[in-house]
Amino acid sequence: MERKIIFFDTTLRDGEQTPGVHLSVKQKADVARALEKLGVDVIEAGFPASSSGDFEAVSTISANVKNATVCALARACEADVDAAAEALRGAVRPRIHVFIATSDIHLEKKLGMTRDEALAAVGKTVSYAASKGAEVQFSAEDATRSDRGFLAEVLRAAVRSGAKIINIPDTVGYTTPEEFSDLFRYLKDTVPELRDVTMSAHCHDDLGLAVSNSLSAVMAGADQVECTVNGIGERAGNAALEEIAMILSVRGAGLGLTHGLNTKEIIPTSRMISDITGIHPSPNKAVVGANAFTHESGIHQHGIIRDRETYEIIDPRDVGLNESTITLGKLSGRHAFAERAALLGYALNDEAIKAAFQRFKEIADKKETMTDEDVRAIISEYLDGLEGKFRIGSFQIQSGNKIKAMALITLSSADGEITEAAPGDGPVDASFNAINKIAEPFMKSDGVALVSYGITAVTEGTDALGEAKVKIRAGGALYTGRGVSTDIIKASIKAYLNAVNKRISAAESASE
Ligand code: KIV
Ligand code: ZN
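For what it's worth, the working numbering labels the leading residue of the sequence shown as 13, then goes sequentially.
Have a look at this one:
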């Protein structure tokens with residue numbers, strides 16, 4: 013019989029630790045809905061003790077999710093466990109995920125703790141978490157750089173104190189496939205108690221081995237893999253959910269492994285995560301990259317036409333890549349637009365469809381045909397625009413080769429309108445300066461720095477939609493923003509404001 017591998021998705025927790033990524037509570041709730049549709053077994057919804065925003069996101073997701081287990085992270089201390097338990101109160105299947113580092117370098121340099129103190133904290137906190145009525149998962153952070161004997165001792169204490177899932181993180185992406193499977197075998201041999209709990213692997217991709225290491229752990233007996241959509245996460249990211257899912261789909265029968273995911277939701281979920289985070293997979297990324305199913309050479313194209321399997325081991329339809337046959341344009345109706353939005357993976361209510369469709373019509377009037385990329389850009393921008401304190405009221409730009417560029421911008425918010433003018437080195441710089449003058453008092457940071465700015469055409473042609481992306485640094489953190497328009501200055505202003513709004517929301521939730 014095939015062994016079913018449990019998918020523990022941490023896009024909303026470890027994935028949200030990607031530099032520049034900050035999701036609102038509403039965006040997190042949308043992602044959780046998509047993850048449930050994708051069929052993940054566990055959704056790690058956040059780290060409630062870390063901020064009021066994370067607490068609220070975990071509570072909201074707990075109330076909404078019906079099938080998956082909802083998990084909340086907690087350091088090995090009672091206050092964190094209290095916050096996690098409280099945030100998970102509405103969950104049908106709650107899980108508290110207690111973690112502490114076990115490597116000497118983390119204990120000494122980060123926690124300032126001895127091994128004995130860490131061991132005592134594990135026993136105490138895991139049993140406290142177990143008393144809360146949720147199932148308890150324990151993770152030994154930096155397990156792969158920990159002394160094996162001490163790691164075994166800690167895991168024994170965690171199981172004896174009530175942990176039912178034991179996770180072995182390769183926190184810094186240091187291990188190799190053989191070493192990792194050997195560690196799993198060592199732990200199971202040394203700590204017989206581990207045979208009665210679910211073993212889990214959590215791999216980071218610093219050496220590009222996260223997926224291989226996860227698979228290796230599974231082959232050595234791990235039943236749960238922790239991963240993120242598109243592999244997003246700290247530094248080089250986490251093991252990519254879609255890659256592990258497709259390894260199990262394509263090669264699972266031979267390996268004696270199966271899973272419960274609906275793989276047709278992979279592409280819609282991946283695109284949703286790219287849109288919301290602004291982090292797009294590289295074109296050659298396995299399964300979800302733009303080129304993953306594109307055949308360039310004549311020989312390959314010829315083969316594919318004769319028989320798809322000559323050069324494709326995955327049927328693109330199995331991961332939800334559906335070619336649309338109907339072209340949308342200015343004569344298309346709301347119904348066709350709503351259908352296309354659903355096909356592209358967006359679950360929009362009537363109000364959202366109405367608003368996004370109006371924007372679609374405005375742009376379709378200026379463009380001949382609207383591609384899926386255009387529709388996606390319009391909807392993502394609409395969804396981004398729902399968030400944040402400020403909206404664009406109006407803008408006027410003066411620019412030329414003989415005058416200094418000047419921008420006059422009005423931003424509106426629930427408190428009214430604010431107008432500021434500013435000069436700059438070109439129209440985009442002047443616009444950003446004017447926005448800074450308005451927004452800086454709300455950003456609670458010592459200034460704001462533009463880290464990157466770029467503009468690309470969403471599709472080809474002079475009538476293409478321009479998509480601007482910016483990254484700013486404020487208050488020590490990075491924020492990304494995106495804006496779409498047929499007018500590139502407007503796209504740039506929208507993108508900058510989107511990033512600024514994210515900073516303002518983060519500053520507001522930090523001071524709550
Ligand atoms: O990478 C890591 O060690 C983690 C733990 C909190 C599980 O993310
Ligand atoms: Zn991690």
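Even for Gly, the Cβ is constructed at its ideal location relative to N, Cα and C.
All of these numbers come straight from a predicted model, not from anything done at the bench.
Residue i versus residue j - alpha carbon distance
i: Asn303; j: Leu123; result: 44 Å
i: Lys200; j: Leu206; result: 6 Å
i: Pro31; j: Ala354; result: 30 Å
i: His307; j: Leu267; result: 29 Å
i: Arg197; j: Ala232; result: 6 Å
i: Thr240; j: Gly65; result: 20 Å
i: Val171; j: Gly466; result: 50 Å
i: Phe20; j: Ala518; result: 27 Å
i: Pro106; j: Ala141; result: 11 Å
i: Ser139; j: Phe150; result: 11 Å
i: Ser224; j: Gly493; result: 33 Å
i: Ser309; j: Ser193; result: 39 Å
i: Gly419; j: Ile450; result: Here residue 419 is Ala; the residue named in the question, Gly, does not match the sequence. Distance between the alpha carbons of Ala419 and Ile450: 12 Å.
i: Gln29; j: Gly243; result: 12 Å
i: Arg529; j: Gly459; result: Here the chain comprises residues numbered 13 to 524, so residue 529 is not present and cannot be evaluated.
i: Val93; j: Ala103; result: 15 Å
i: Ile177; j: Ala348; result: 46 Å
i: Ala222; j: Gly27; result: 14 Å
i: Asp330; j: Glu324; result: 12 Å
i: Arg346; j: Ser392; result: 17 Å
i: His216; j: Gly249; result: 6 Å
i: Ile415; j: Ile409; result: 12 Å
Reduced DSSP secondary structure (H/G/I, E/B, other) of residue i
i: Ile325; result: coil
i: Glu56; result: strand
i: Pro204; result: helix
i: Thr137; result: helix
i: Leu123; result: helix
i: Pro453; result: helix
i: Lys481; result: strand
i: Asp154; result: coil
i: Lys40; result: helix
i: Gly27; result: helix
i: Arg105; result: coil
i: Val463; result: strand
i: Leu131; result: helix
i: Gly315; result: helix
i: Lys16; result: strand
i: Asp21; result: strand
i: Thr492; result: strand
i: Gly310; result: helix
i: His347; result: helix
Given residue i as reference, the closest of the options once Cα atoms are compared
i: Val482; options: Ala476, Val470 and Ala461; result: Ala461
i: Gly438; options: Ala426, Glu432 and Ser411; result: Ser411
i: Asn510; options: Ile325, Gly290, Ala417 and Glu429; result: Gly290
i: Glu56; options: Arg25, Gly397, Ala503 and Asn79; result: Arg25
i: Gly436; options: Lys38, Lys449, Asn445 and Arg283; result: Asn445
i: Asp377; options: Gln408, Tyr394, Ser344 and Ala350; result: Ser344
i: Thr422; options: Val463, Lys414 and Lys506; result: Lys506
i: Gly332; options: Val134, Ala169, Ile279 and Pro453; result: Ile279
i: Gly161; options: Pro189, Ala130, Val203 and Lys176; result: Val203
i: Gly488; options: Thr498, Asp499 and Arg515; result: Arg515
i: Ala229; options: Ala248, Asn179 and Gly245; result: Asn179
i: Gly478; options: Gly405, Glu429 and Arg388; result: Arg388
i: Pro60; options: Gln236, Ser504, Leu100 and Glu399; result: Leu100
i: Lys78; options: Cys89, Glu48 and Ala69; result: Glu48
i: Arg15; options: Ile415, Arg320, Ala96 and Gln236; result: Gln236
i: Ser528; options: Val37, Gly51, Glu238 and Val54; result: Limits of the chain in this structure are 13 at one end and 524 at the other, which puts residue 528 out of reach.
i: Ile501; options: Ile404, Asp319, Phe454 and Val300; result: Ile404
i: Ala130; options: Val166, Lys121, Val440 and Ala469; result: Val166
i: Pro453; options: Phe402, Thr210, Ile391 and Gly397; result: Phe402
i: Asp441; options: Glu385, Ile285, Tyr508 and Phe305; result: Tyr508
i: Ala251; options: Gly264, Val262 and Asp218; result: Asp218
i: Leu253; options: Val496, Ile409, Lys40 and Val54; result: Val54
i: Arg263; options: Gly245, Ala69, Ile326 and Glu385; result: Ile326
Heavy atom of the ligand MN within 8 Å of residue i beta-carbon
i: Phe111; result: The model depicted lacks the ligand MN and carries the ligand KIV and the ligand ZN instead.
Any contact of the segment 314-322 with the segment 260-274, i.e. 3+ C-beta pairs under 8 Å?
-> no
Output the residue ranges of the beta strand (DSSP E) runs that lie fully inside the segment 403-444 and measure 3 residues or longer, sorted by chain position.
-> 403-410, 417-425 and 428-436
Can you list the alpha helix (DSSP H) stretches of 4 or more residues lying completely in the segment 217-304, in chain order?
-> 222-231, 253-267 and 278-289
Can we say the segment 76-85 touches the segment 98-113, given the rule of at least three CB pairs closer than 8 Å?
-> yes
Ignoring anything shorter than 3 residues or poking outside the segment 163-200, list the beta strand (DSSP E) runs there in chain order.
-> 177-182
Three or more C-beta pairs below 8 Å linking the segment 357-369 and the segment 256-266 | no
Which runs of the alpha helix (DSSP H) fall wholly inside the segment 370-404 and span at least 4 residues, in chain order?
-> 384-397
Three or more C-beta pairs closer than 8 Å, one from the segment 40-50 and one from the segment 292-301: is that the case here?
-> no
Three or more beta-carbon pairs under 8 Å between the segment 154-170 and the segment 178-185, yes or no?
-> yes
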